[in-house]
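Engineer: Numbering (the numbering used here), first residue to last: 6 to 289.
We put the CB at the ideal spot given by N, CA and C, even for glycine.
These numbers were taken from a predicted model, which means no experiment stands behind them.
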Amino acid sequence: MLLHLGSTPTLVISSPNFAEQVLKTHDTTFCTRPRSPGPKRIFYNYSDVVFTPYGDHWRNARKIFVSHLLSTKNDRSFFRAREVEVGNLIDYLSRVGANPVNLDEKIFGLVGGVIGQVAFGKSYKGKQFEGHELKDIMDETMNMVDSFSAGDFFPSFGWIVDYLSGHKGRLDKCFYKLDGYFRMVLEEHRHRETREDDDEDLVDVLIRLSNDEENGVHLSNEQIKAMLMVWYSFTFADVLYYIPHHTYMTIVYSNLHRGVFVSQLTTRLLATGLESEKSLSICL
Numbered sequence: 006m007l008l009h010l011g012s013t014p015t016l017v018i019s020s021p022n023f024a025e026q027v028l029k030t031h032d033t034t035f036c037t038r039p040r041s042p043g044p045k046r047i048f049y050n051y052s053d054v055v056f057t058p059y060g061d062h063w064r065n066a067r068k069i070f071v072s073h074l075l076s077t078k079n080d081r082s083f084f085r086a087r088e089v090e091v092g093n094l095i096d097y098l099s100r101v102g103a104n105p106v107n108l109d110e111k112i113f114g115l116v117g118g119v120i121g122q123v124a125f126g127k128s129y130k131g132k133q134f135e136g137h138e139l140k141d142i143m144d145e146t147m148n149m150v151d152s153f154s155a156g157d158f159f160p161s162f163g164w165i166v167d168y169l170s171g172h173k174g175r176l177d178k179c180f181y182k183l184d185g186y187f188r189m190v191l192e193e194h195r196h197r198e199t200r201e202d203d204d205e206d207l208v209d210v211l212i213r214l215s216n217d218e219e220n221g222v223h224l225s226n227e228q229i230k231a232m233l234m235v236w237y238s239f240t241f242a243d244v245l246y247y248i249p250h251h252t253y254m255t256i257v258y259s260n261l262h263r264g265v266f267v268s269q270l271t272t273r274l275l276a277t278g279l280e281s282e283k284s285l286s287i288c289l
């Protein structure tokens, strides 16, 4: 079935046979995402690993993510970072007692801290850049990327509508905030003391690869920032998904029974009288 979304022709695949042709047989032909003004601006003209067209850069970026983010060494880094951030969260919960807690904010902070430790070598949560925190900038940016853009439906003249409506200006404002944040991170990494391979974070790896002419992978500053952008933005977008009460309570108790941080968590909860489900629910 052929639809026209504005002036953009869109083919709807509703047959299993055609779906197999598109998703399997001719996957390399159809795997490139549609062009969109939002991702083009935010991800440095599609220099990331999600929106970039299928080709050499996509293969190199995918290889970097798989090799350096899903490796055994990184599993250990994630575990150490999780241990630190969960410990910080438990300390906070033990202090506030039965007072109300913004769960979205605390879960966002926990995951953001873990991501920051692994990707940046330290947590940037709460750090201000030109009066803005990374969480607020990321929220605003993802809302802009997901919002309506006339350029998606009318590629030839939609940019005029986006400009007159102020959409382009708001998108540029989000881009410059995030770009400044990641420039700050890159500068801090380039000017600090050399680190051992075991202590390398994702930014260190990307900078090292960009300076290594023998690896066959050349990464510009824009490509590095685009890869960091997609790593942070899509992870944070997943964190903001609403978790129903009974679901997160099940997760909490299953983790306790599996022994994840059990000695640290149980000791602190018992010490503050939060051992019951009712108390823990109020705390969360």
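1. Start and end of the alpha helix (DSSP H) containing Leu-108?
2. Do you know offhand how far Asp-61's Cα is from Lys-68's?
3. What residue range is occupied by the uninterrupted beta strand (DSSP E) comprising Thr-15?
4. Count the other C-beta atoms from every protein chain shown that fall within 10 angstroms of the C-beta of Met-6, then say buried if there are 16 or more, exposed otherwise.
5. What distance in whole Å lies between the Cβ atoms of Leu-191 and Val-208, which are believed to be in contact at a cut-off of 8 Å?
6. Spatial neighbours of Ile-229 within its chain, please: CB distance less than 6 Å, with the 5 preceding and 5 following residues excluded, ordered by chain position.
7. Is the beta carbon of Phe-153 sitting closer than 9 Å to the one on Leu-10?
8. Which first and last residues belong to the alpha helix (DSSP H) in which Leu-191 is found?
9. Go to Leu-211, then tell me how far its alpha helix (DSSP H) extends in each direction, as first and last residue.
10. Mind listing, in chain order, the continuous alpha helix (DSSP H) runs of no fewer than 4 residues lying wholly within the region 43 to 96?
11. Could you compute how far the alpha carbon of Thr-37 sits from the alpha carbon of Glu-227?
12. Taking 9 Å as the cut-off, decide whether the C-beta atoms of Gly-174 and Gly-163 are in contact.
13. Per DSSP, what kind of secondary structure is Thr-224 in: helix, strand or coil?
14. Identify the residues that DSSP records as bridge partners of His-9: which are they?
15. Quick one: residues in its chain with C-beta nearer than 6 Å to the C-beta of Gly-92, no 5 flanking neighbours on either side, listed in chain order?
16. Express the C-alpha separation of Val-166 and Leu-108 in angstroms, rounding to a whole number.
17. From Gly-290 to Asp-53, what distance separates their C-alpha atoms?
18. Return helix, strand or coil for Tyr-253, following the three-state DSSP convention.
19. Determine the extent of the alpha helix (DSSP H) in which Val-150 is found, giving its start and end residues.
20. Please go through the same chain and pick out, in chain order, the residues whose beta-carbon is closer than 6 Å to the beta-carbon of Tyr-246, but skip the five residues on each side of it.
21. Are the beta-carbon atoms of Phe-48 and Ala-231 separated by less than 9 Å?
22. How is the alpha helix (DSSP H) around Gly-156 delimited, first residue to last?
23. CB Leu-176 to CB Pro-39, shorter than 9 Å?
24. For Ala-24, name the three-state secondary structure that DSSP assigns.
25. Should Lys-182 and Ile-120 be called a contact, given that it needs their Cβ atoms to be closer than 9 Å?
26. Tell me where the alpha helix (DSSP H) around Phe-35 begins and ends.
27. Can you tell me whether Gly-114 is buried or exposed? The criterion is at least 16 other CB atoms within 10 Å of its CB, across all chains shown.
28. With H, G and I counted as helix, E and B as strand and the rest as coil, what does DSSP make of Ser-99?
Structural biologist: To lay it out plainly:
1. 108 to 125 is the span of the alpha helix (DSSP H), which, as asked, contains Leu-108.
2. Roughly 11 Å between the two C-alpha positions.
3. Thr-15 -> beta strand (DSSP E) spans 13 to 16.
4. That one is exposed.
5. Contact flag correct, Cβ pair sits at about 7 Å.
6. Only Leu-211 meet the Cβ criterion.
7. Contact check for Phe-153 against Leu-10 fails: the beta carbons are separated by 9 Å or more.
8. Counting along the chain, the alpha helix (DSSP H) containing Leu-191 begins and ends at 172 to 195.
9. Its alpha helix (DSSP H) spans residues 207 to 216.
10. Entirely contained in the region 43 to 96, the alpha helix (DSSP H) runs reaching 4 residues are, in chain order, 61 to 74.
11. Distance between the alpha carbons of Thr-37 and Glu-227 is about 20 Å.
12. When the beta-carbon positions are compared, Gly-174 and Gly-163 stay at least 9 Å from each other.
13. A small fix is needed here, since residue 224 is Leu in this sequence, not Thr. Three-state result, Leu-224: coil.
14. Residue pairing by DSSP places His-9 opposite Pro-14 in a beta bridge.
15. Excluding its 5 nearest sequence neighbours in each direction, Gly-92 has no C-beta neighbour in its own chain below 6 Å.
16. Rounded to the nearest angstrom, the two C-alpha atoms are 39 Å apart.
17. Shown here, the chain extends from 6 to 289; a query on residue 290 therefore has no answer.
18. With a pLDDT of 49 at Tyr-253, under the threshold of 50, the modelled position of that residue is not reliable, and the figure given next carries that caveat. Looking at Tyr-253 - three-state DSSP - the assignment turns out to be helix.
19. Unbroken alpha helix (DSSP H) run through Val-150: 139 to 151.
20. Residue confidence is low: Tyr-246 scores 45 on pLDDT, short of 50, so the model does not pin down where it sits. No coordinate-derived value is stated.
21. In this structure, Ala-231 lies closer than 9 Å to Phe-48 by Cβ.
22. Looking at the DSSP string, the run of the alpha helix (DSSP H) that includes Gly-156 is 155 to 158.
23. Taking 9 Å as the Cβ cut-off, Leu-176 and Pro-39 do not qualify as a contacting pair.
24. In this structure, Ala-24 counts as helix in the three-state DSSP scheme.
25. Contact flag unset, no.
26. Bounds of the alpha helix (DSSP H) holding Phe-35 are 32 to 35.
27. With 16 or more Cβ atoms within 10 Å of its Cβ, Gly-114 is classed as buried.
28. In this structure, Ser-99 counts as helix in the three-state DSSP scheme.
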